[in-house]
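Every letter in the sequence shown is one number past the one before it in the numbering used here, and letter 140, counting from 1, is 703. Notes to accompany the following structure.
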Amino acid sequence: MAVPKVFITRPIPEPVLVQIQAECDVDMWHTSAILPPIAEKIPPLDGLMTYGHEPVTAQMFDTSPNLKVVSVVGVGYDHVDEDAVRERGIALGHTPGVLSDTTADMTWALLLAAARNVVPAYNHVQVNKQWHYYDPNILWGYDVHHATIGIVGMGRIGYAVAKRALAFDMKVLYYKRERRPDWEEELGIEYAELEHLLKVSDFVTLHVPLTEETTHMIGKDEFELMKPTAILVNIARGPAVDHEALYEALSEGQIAGAALDVTEPEPINTDHPLLDLDNLLIAPHLGSATIQTRMKMVTMAMENLFAGLKGERLPYGVLQPRGVS
Ligand code: NAP
564 MAVPKVFITR
574 PIPEPVLVQI
584 QAECDVDMWH
594 TSAILPPIAE
604 KIPPLDGLMT
614 YGHEPVTAQM
624 FDTSPNLKVV
634 SVVGVGYDHV
644 DEDAVRERGI
654 ALGHTPGVLS
664 DTTADMTWAL
674 LLAAARNVVP
684 AYNHVQVNKQ
694 WHYYDPNILW
704 GYDVHHATIG
714 IVGMGRIGYA
724 VAKRALAFDM
734 KVLYYKRERR
744 PDWEEELGIE
754 YAELEHLLKV
764 SDFVTLHVPL
774 TEETTHMIGK
784 DEFELMKPTA
794 ILVNIARGPA
804 VDHEALYEAL
814 SEGQIAGAAL
824 DVTEPEPINT
834 DHPLLDLDNL
844 LIAPHLGSAT
854 IQTRMKMVTM
864 AMENLFAGLK
874 GERLPYGVLQ
884 PRGVS
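This is the structure in structure tokens:
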């Protein structure tokens with residue numbers, strides 16, 4: 564059998580790359596610059612590994628009629644045209660679960676930083692060198708302990724966020740389409756409709772997948788429901804929040820602050836008005852970015868890739884190869 568041709572959209576850690584190179588003819592996008600549309604870049608492929616969120620489109624499948632597998636390094640696969648993959652019987656894999664605790668940790672890093680002014684404090688002392696005397700009246704934040712957190716999209720990551728909230732003695736509300744009475748009992752958390760959750764929560768965190776239904780699920784109407792002291796954390800996907808409405812809500816004091824790990828578009832334009840707000844903190848999509856977790860993710864993605872190339876069942880599959888259940 565010919566050596567399969569594989570393209571990897573961003574550099575992956577060497578130990579995993581070496582294993583893939585042992586079995587495949589690998590081309591990898593090496594620079595840190597923006598990747599051109601994948602279809603323009605590559606010859607016909609047998610396998611594609613996406614390490615990043617560049618769109619994988621139907622057009623790309625036309626130029627790679629033998630493509631057997633798309634292996635996503637990450638749990639969200641909204642950048643892949645799922646209908647086109649399904650139609651062509653291409654296998655699709657991702658890396659769920661392994662990043663849930665790590666992404667929950669980052670949710671808490673953002674939540675605590677926003678609530679307790681960690682970045683303005685850093686700017687005050689180290690960037691602007693303004694700490695000349697002890698001032699008891701600057702940079703007051705909001706209590707996190709004993710506050711109410713509303714978790715929107717309570718799946719693997721939302722569950723891990725809820726567990727951490729309990730250590731802060733918080734009241735935990737959650738919203739998803741199907742209730743989880745087992746989790747309510749296990750963790751002592753409460754289900755709430757989205758409207759109620761937004762009205763009463765001090766902190767709202769987003770963990771939904773990006774779908775038609777979740778696109779702009781937090782917009783003008785939702786910000787109007789929220790407390791003026793509320794802080795929003797979006798670590799799901801940028802388009803879950805309407806950025807124009809977010810700008811208005813933050814600049815008009817409809818909510819107190821926000822922290823985003825994800826934006827629309829990504830990267831956010833350097834002249835975007837959101838970047839000028841001092842009650843907003845933006846991280847460059849770091850949810851799963853730890854040494855340990857990224858290694859596990861690329862290893863899982865490699866296992867999916869190898870299985871898909873052989874037409875076998877993907878261990879972490881969204882769509883299995885045609886004829887495989
Ligand atoms: P998951 O286990 O599938 O959980 C997603 C949850 O969202 C499910 O509980 C689902 O419950 C709920 N949901 C789906 N559609 C909804 C809707 N319309 N309204 C309300 N809830 C809805 O996924 P996960 O592993 O926790 O990951 C969640 C998302 O986080 C991923 O899809 C990805 O986009 C994002 N993510 C981001 C990073 C990062 O680096 N920032 C890292 C990892 C993941 P129901 O079906 O009952 O509604």
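Glycine included, each C-beta is placed from N, C-alpha and C at the ideal position.
Asked	Found
Cα separation between His642 and Asp841?	30 Å
Check for me: the beta strand (DSSP E) holding Lys734 runs from which residue to which?	Lys734 to Tyr738
Do Pro884 and Lys631 have their C-beta atoms closer together than 9 Å?	yes
Is Arg740 buried or exposed, if buried means 16 or more other CB atoms sit within 10 Å of its CB?	exposed
Starting from Ser851 and walking both ways along the alpha helix (DSSP H), at which residues does that stretch end?	No alpha helix (DSSP H) holds Ser851; DSSP gives it neither H nor E.
Within the continuous alpha helix (DSSP H) that includes Ser555, where are the two ends?	Because the chain in this structure spans residues 564 to 888, residue 555 falls outside the shown range and cannot be described.
The beta strand (DSSP E) that contains Leu655, what's its start and end?	Ala654 to Gly656
Below 8 Å, is the gap between the Cβ of Ser663 and the nearest heavy atom of ligand 1?	yes
Tell me, which residues are paired with Asn686 by DSSP?	The partner list for Asn686 (beta bridge, DSSP) is empty, contrary to what the question assumes.
Measure the alpha-carbon distance for Gly871 versus Thr613 and round it to whole angstroms.	14 Å
Report the start-end ranges of each beta strand (DSSP E) in the region 749 to 829 that is 3 residues or longer and not cut off at the edges.	766 to 769, 794 to 797 and 820 to 823
Would you check if the region 673 to 681 and the region 803 to 811 touch, i.e. whether three or more CB-CB distances between them fall below 8 Å?	no
Is Ala677 a contact residue of ligand 1, with contact defined as CB to any heavy atom under 8 Å?	no
For the beta strand (DSSP E) holding Thr613, just list the boundary residues, first then last.	Gly610 to Thr613
What number of angstroms, rounded off, separates the C-alpha of Ile845 from the C-alpha of Lys734?	26 Å
Determine whether the beta carbon atoms of His657 and Val887 lie at a separation below 9 Å.	no
Using 8 Å as the cut-off, classify the Cβ of Ser851 as near or not near the heavy atoms of ligand 1, replying yes or no.	yes
Give a yes or no on whether the C-beta atoms belonging to Val763 and Ala755 are separated by under 9 Å.	yes
Quick one: what does DSSP say Leu675 is sitting in, helix, strand or coil?	helix
From the DSSP output, read off the bridge partner residues of Gly880.	Gly656
Which of helix, strand or coil does DSSP assign to Met975?	Since the first residue of the chain shown is 564 and the last is 888, residue 975 is not available in this structure.
Less than 8 Å between the CB atoms is what I'm expecting for Ala723 and Ser663, so what's the real figure, rounded?	5 Å
Please report the straight-line C-alpha distance between Ala793 and Ala822, rounded to a whole angstrom.	11 Å
Just how far apart, CA to CA, sit Met623 and Lys568?	15 Å
If we count Cβ pairs, one from each stretch, closer than 8 Å, do we get three or more for the region 570 to 589 versus the region 860 to 868?	yes
How far does the beta strand (DSSP E) with Val635 in it extend, from its first residue to its last?	Val632 to Val635
Please check if any C-beta of chain C sits within less than 9 Å of the C-beta of Glu775.	Checking the listed chains, one finds no chain C in this structure; it contains a single protein chain.
Look at the alpha carbon of Arg649 and the alpha carbon of Val633, and state the distance between them as a whole number of angstroms.	11 Å
Please go through the same chain and pick out, in chain order, the residues whose beta-carbon is closer than 8 Å to the beta-carbon of Thr890, but skip the five residues on each side of it.	Absent from the model: residue 890. The displayed extent of the chain is 564 to 888, so no value can be given.
For the beta strand (DSSP E) that Lys568 lies in, which residues bound it at each end?	Lys568 to Ile571
Confirm, please, whether the CB-CB distance from Gly660 to Ala799 is below 9 Å.	no
May I ask whether a heavy atom of ligand 1 can be found less than 8 Å away from the beta carbon of Val881?	no
Ends of the alpha helix (DSSP H) at Leu662?	Here Leu662 belongs to no alpha helix (DSSP H), and DSSP marks it neither H nor E.
Secondary structure at Ala874, three-state DSSP: helix, strand or coil?	Note that residue 874 corresponds to Gly in the displayed sequence, not to Ala. Residue state, collapsed to three classes: coil.
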